[in-house]
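Last residue of the sequence shown: number 1218 in this note's numbering, and the count goes up by one each step with no gaps.
Step one of this worksheet: look at the structure below.
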Amino acid sequence: AIDALLQWALVFSAQNDFATGLAICDIILKRNHHHAKTAEIREEMIAGNRVMRKVIEVVTKDVGGRGHWFQCPNGHYYVVGECGGPMQTSQCPDCRATVGGESHRPAEGNRHADIDGSSHPAWGNATGLGRAL
């Protein structure tokens, strides 16, 4: 049962849901304080979350602010530079789904990601620039 729970913790962590992954590890460790594999995975999740937060911080600064992060139809993150409105399409390097968009409109299935703390894309009605997305 512990191995199955650990697998779920890893699934959540891989989907960047570190809080749920850590909560599962904490449940395991509460019942079995000395489960070394769980403790090791928990520490790796904490370190991975720190690295991800730093990457988000640096990229957000480089593109000029929040609202530039998007997710492909399969949930993988990517960044739209310049004004933050997608103007071309490409393929997600993780799953080959279409990413980006045209005329400041995300491609079908793509959506704004709030991992940088933004509540809306950099381009759209919420910013006073263009149409709602």
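For every residue, glycine included, the Cβ atom is placed at its ideal position computed from N, Cα and C.
What you are looking at is a predicted structure, and each value in this text was computed from that prediction instead of being measured.
Roughly how many angstroms lie between the CA atoms of Asn1101 and Ala1192, to the nearest whole one?
As a working mapping, residue 1101 is identified with position 16 in the sequence shown. As a working mapping, residue 1192 is identified with position 107 in the sequence shown. Roughly 22 Å between the two C-alpha positions.
8 Å contact criterion, which Trp1208 and Gly1169 should meet: CB distance rounded
Your numbering for residue 1208 matches position 123 in the sequence shown. Your numbering for residue 1169 matches position 84 in the sequence shown. That belief holds up - the Cβ atoms of Trp1208 and Gly1169 are roughly 5 Å apart, short of 8 Å.
In chain order, what residues of the same chain lie with their CB nearer than 7 Å to the CB of Gly1150, ignoring the 5 residues before and after it?
Locating residue 1150 in the sequence shown gives position 65, counting from the first residue. Sequence-distant Cβ neighbours of Gly1150 in its own chain, meaning closer than 7 Å and more than five residues away, are Ala1207.
For Val1165, name the three-state secondary structure that DSSP assigns.
Counting from one through the sequence shown, the residue named residue 1165 turns up at place 80. In the three-state scheme derived from DSSP, where H, G and I count as helix and E and B as strand, Val1165 is classed as coil.
What does a CB cutoff of less than 7 Å around Gly1215 pick up in its chain, not counting 5 residues either side in sequence?
Translated into positions along the sequence shown, residue 1215 becomes position 130. Confidence in Gly1215 is poor, its pLDDT being 46 and thus under 50, which makes the residue's placement too unreliable to answer from.
Assign Ser1098 to one of three DSSP states: helix, strand, or coil.
Indexing the sequence shown from 1 puts residue 1098 at position 13. In the structure shown, Ser1098 sits in a helix (DSSP, three-state: H, G or I).
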